[in-house]
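Heads up: the sequence shown at position 204 corresponds to 204 in UniProt numbering, and the numbers run straight through without jumps. Cβ coordinates follow ideal geometry from the N, Cα and C atoms, glycine included. Predicted, not measured: the structure shown is a model, and the values here were computed from it.
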Amino acid sequence: MTRPATAGPLPGPAAGPAPLVIACALTVERLALRTGTRAPADTPTRVLRTGMGPEAADRAVAEALRDPALARAGVVATGFCAGLGAGMHPGDLVVADEVRDPRGVTRCAEAGVLAAAVARAVPGRTVHTGPLTGCDHVVRGAERARLRSQGAVAVDMESAATLYTARLAGPRPVAAVRVVVDAPEHELVRIGTVRGGISAFRVLRAVIPAFYEWHRSSLLPRR
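The following block contains the structure:
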C-alpha cells in the first residue's frame, strides 16, 4: 500500500508562520541539533527526541502533534542511519524520497529541493537520495544486502514511523535526512567507529540550515 502524498498549500488557519518539528531518537542527535544553527525568527521550531525504535517514535510524534500549535507543522525525521550501498562512508548523507515500513510507503515532500539544500549546507559531503527503509533492530550482513536488493539506500529505526504518524495526524510536508554512521565497509563493531561517529555528529549539526530551506519551499503554493 502507498500512502497519498500531500500537495499544495496546507489547510487550516493562515495566521502565523507554520512551525517545524525536527524529530530524532537519541540524546546525542538532539545535542547536535540544539548546538547547530539557530532557528530563523519566522520559523517556530521544536526539536523532538522520540526515543529509539518505531513504537517509541509513533508514540512521541502522535503526542507532540496533538498540540494545536503544531497543527500545520512540517516534520523532518533526522539523526544517524546505516548505509546499505557499497562505497558509502560515515558522514555521507541520505535524503529520502520515500520511507518504507511494513505499513507501507510514505512519500517525502520536495526531496530534490531538500537534497540540493543539504549539498549546499555541507559542501564536499556525498549526498545519496532514494528510499529509506525502517527496521526495529540493528541490521547487519545478509540482511543489509537483502534490503539493498529491494532498492533501499539506507535503514534506520524511526524515520518511517515518524513520517507515517505525522501524516496520520493531518496533511503536512514531511521529509527524512539521515547521516551515515554505519556502512557495509564501516560497521559499528569495527575499529574507527568513534571517529565515524564524531564525523556524523558534526555533519548533523551542520546540515540544519537545509531543513529550514526545505520547509520554506514546501509551504509555497504549487502551480
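Can you tell me which residues form a DSSP beta bridge with residue 45? On the sequence shown, residue 45 is found 45 positions in, with the first residue counted as 1. 20.
Helix, strand or coil: which one does DSSP assign to residue 129? Within the sequence shown, numbered from 1, the residue matching residue 129 stands at position 129. If DSSP states are grouped into helix, strand and coil, residue 129 belongs with the strands.
Name the one or two DSSP bridge partners that residue 80 has. Indexing the sequence shown from 1 puts residue 80 at position 80. Partner residues in the beta bridge of residue 80, as assigned by DSSP, are 179.
Taking the continuous beta strand (DSSP E) assigned at residue 98, which residues delimit it? Against the sequence shown, residue 98 aligns to sequence position 98. Per DSSP, residue 98 belongs to the beta strand (DSSP E) from 93-101.
In the structure shown, what three-state DSSP assignment does residue 67 receive? The residue you call residue 67 lines up with position 67 of the sequence shown. Three-state DSSP puts residue 67 in coil, outside helix and strand.
I'd like to check one pair, residue 91 with residue 203: are the Cβ atoms closer than 7 Å? By one-based count along the sequence shown, residue 203 stands at place 203. By one-based count along the sequence shown, residue 91 stands at place 91. The answer is yes: Cβ separation under 7 Å.
Can we count residue 32 as close to the ligand FAD, meaning its CB is less than 6 Å from some heavy atom? Absence of the ligand FAD is noted for the structure shown, with no ligands found whatsoever.
For a test of the three-state rule: what should DSSP assign to residue 216, helix, strand or coil? Mapped onto the sequence shown, residue 216 falls at position 216. For residue 216, the secondary structure class from DSSP, reduced to helix, strand or coil, is helix.
Buried or exposed: residue 158, going by 16 or more other Cβ atoms within 10 Å of its Cβ? As a first step, residue 158 is located in the sequence shown; it is residue number 158 there, counting from the start. The residue in question, residue 158, is buried, as its Cβ has 16 or more Cβ neighbours within 10 Å.
Would you identify the three-state DSSP class for residue 107, choosing helix, strand or coil? Reading the sequence shown from its first residue, position 107 is the one you call residue 107. Assigned with DSSP and collapsed to three states, residue 107 falls in strand.
Here's a check: name, in chain order, each residue in its chain whose Cβ is nearer than 6 Å to the Cβ of residue 201, leaving out the five neighbours to either side. Translated into the one-based positions of the sequence shown, residue 201 becomes position 201. Cβ neighbours of residue 201 beyond the five flanking positions: 32.
Just the Cα atoms here: how many angstroms apart are residue 192 and residue 183? On the sequence shown, residue 192 is found 192 positions in, with the first residue counted as 1. On the sequence shown, residue 183 is found 183 positions in, with the first residue counted as 1. Its pLDDT being 44, under 50, residue 192 is placed unreliably in this model, and the value from its coordinates should be taken loosely. As the crow flies, the alpha-carbon of residue 192 is around 12 Å from that of residue 183.
Taking the straight line between their C-alpha atoms, what separation do you get for residue 126 and residue 133? In the sequence shown, counting from the first residue as 1, residue 126 sits at position 126. In the sequence shown, counting from the first residue as 1, residue 133 sits at position 133. One C-alpha to the other measures close to 19 Å.
Presumed contact (8 Å Cβ cut-off) between residue 61 and residue 165, rounded CB distance: Indexing the sequence shown from 1 puts residue 61 at position 61. Indexing the sequence shown from 1 puts residue 165 at position 165. For a cut-off of 8 Å, the C-beta gap from residue 61 to residue 165 is around 4 Å, short enough to register as a contact.
Mark residue 35 as exposed unless 16 or more other C-beta atoms lie within 10 angstroms of its C-beta, in which case mark it buried. Translated into positions along the sequence shown, residue 35 becomes position 35. Within a 10 Å sphere around the beta-carbon of residue 35 sit fewer than 16 other beta-carbons, which makes this residue exposed.
Near residue 30, what residues of its chain come up, given a Cβ to Cβ distance below 8 Å and the 5 sequence neighbours on each side ignored? The residue labelled residue 30 in the question sits at position 30 within the sequence shown. Closer than 8 Å at the Cβ level, and outside the excluded window around residue 30, lie 24, 47, 49.
Residue of 174, 160, 109 minimising C-alpha distance to residue 55: Locating residue 55 in the sequence shown gives position 55, where the first residue counts as 1. Residue 55 has its Cα closest to that of 160, out of 174, 160, 109.
Selected residue, minimal CA-CA separation from residue 113, among 103, 123, 104, 95: Here residue 113 refers to the residue found at position 113 of the sequence shown. Cα-wise, what sits closest to residue 113 is 95.
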